[in-house]
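S.K.: Take a look at this one; I'll ask things after.
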Amino acid sequence: MVVDTACSWVRVIYLTDHDINVLDKQTKRDILAHNKAVQANCQSITPTH
Numbered sequence: 004m005v006v007d008t009a010c011s012w013v014r015v016i017y018l019t020d021h022d023i024n025v026l027d028k029q030t031k032r033d034i035l036a037h038n039k040a041v042q043a044n045c046q047s048i049t050p051t052h
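Here it is as structure tokens:
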């Protein structure tokens with residue numbers, strides 16, 4: 004049996020206004036995809052910021 008422990012260490016990535024201004028569109032898309040995957044697969048994680 005394999006136990007997925009990713010939700011114990013994966014977190015939502017937060018961006019600052021500066022990050023949004025300097026990151027390219029693809030990086031922002033990648034971060035959005037990551038955040039959506041975390042929310043879909045790790046419902047027990049409550050975003051904190």
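Residue numbering for the sequence shown follows the working numbering, starting at 4 and increasing by one per position. Here a beta-carbon is modelled for each residue, glycine too, at the ideal position from N, C-alpha and C. This one's a predicted model, so the numbers in the text were calculated from it and none came from an experiment.
Does DSSP classify Ile-34 as helix, strand or coil?
M.R.: By 1-based counting over the sequence shown, the position of residue 34 is 31. Three-state DSSP puts Ile-34 in a helix.
S.K.: Cα separation between Asp-22 and Thr-30?
M.R.: Taking the first residue of the sequence shown as position 1, residue 22 is located at position 19. Taking the first residue of the sequence shown as position 1, residue 30 is located at position 27. Answer to the nearest angstrom: the Cα atoms are 10 Å apart.
S.K.: Return the chain-ordered list of same chain residues with a C-beta closer than 7 Å to the C-beta of Gln-46, the five sequence neighbours on each side being excluded.
M.R.: By 1-based counting over the sequence shown, the position of residue 46 is 43. So the list is empty, once near-sequence residues are dropped.
S.K.: Determine the closest residue to His-37 out of Met-4, Asn-24, Ala-9, with distance taken between C-alpha atoms.
M.R.: The count along the sequence shown starts at 1 and reaches residue 37 at position 34. It is Ala-9 whose Cα lies nearest to the Cα of His-37.
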